[in-house]
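To start, the structure under review is shown below, and the notes come after it.
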Amino acid sequence: MSLEPSHGQPAGGESDAGARIMLLSQSPALREEARRALGQRYEVIPFADGADALRAALAEPFDLLLADSLALEDDPQGLLRALRPCALPVILLAPQEDAAAERAALAAGADAFLGAPFTPRELLTYVRAHLALGHARRE
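With the sequence shown counted from 1, adding 4 to any position gets you the working numbering.
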């Protein structure tokens, strides 16, 4: 797997391999589950703190933010607003399907919401689709 960022490459097929995914979660179990589902294809960089994730996103290129909604409880709109200049697609993961939480996540600036339980294949499908979205935004 190439660890080079995929900026400037078309996303979606084999060319999205090596994309850098920022994983923001306070849950070690969720970080491990995401790493197992995505780590063969992508470089998954875990963060437990939103402030650390924001500093990293502003300092180096990432292709997507995958965030646990619980890690954003303090100020989801603030973090997502601060990340807007990075043009990162954002997928919020939640501990359960919840229509109100989904509406709030999308209103806060997330591109997608995925409530548990979800399969590794479902997570991979969301990530692939939103990597392509991120590539389209940068063009």
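Positions of the beta carbon are idealized from the N, C-alpha and C atoms, including for glycine. Owing to the predicted nature of the structure, the values given are computational and were not obtained by experimental measurement.
Item                                                                                         : Value
Option in L83, A21, L42, A33 with minimal Cα separation from L127                            : L42
Alpha-carbon to alpha-carbon, R125 and R59                                                   : 30 angstroms
Given L74 as reference, the closest of L97, A91, E64 once Cα atoms are compared              : L97
C-alpha gap between P32 and R39, whole angstroms                                             : 10 angstroms
Whole-angstrom distance between R107 and M26, CA atom to CA atom                             : 23 angstroms
Residues near L118 in its chain [Cβ-Cβ closer than 8 angstroms; skip 5 each side]            : I95, L96, L97, A98, E126, L127, Y130
Reduced DSSP category for G20 - H, G, I as helix; E, B as strand; rest coil                  : The residue you asked about is not Gly; residue 20 is Asp in the sequence shown. It is helical.
Expected contact under 8 angstroms - CB spacing of S29 and A52 to nearest Å                  : 7 angstroms
Alpha-carbon to alpha-carbon, R24 and A104                                                   : 30 angstroms
Secondary structure, alpha helix (DSSP H): runs of 4+ residues fully inside the region 30-89 : 32-42, 54-63, 80-87
Contact under 8 angstroms by Cβ, L110 with P93                                               : no
L96: first and last residue of the uninterrupted beta strand (DSSP E) it sits in             : 94-98
Test item: CB-CB of A91 and G54 under 8 angstroms                                            : no
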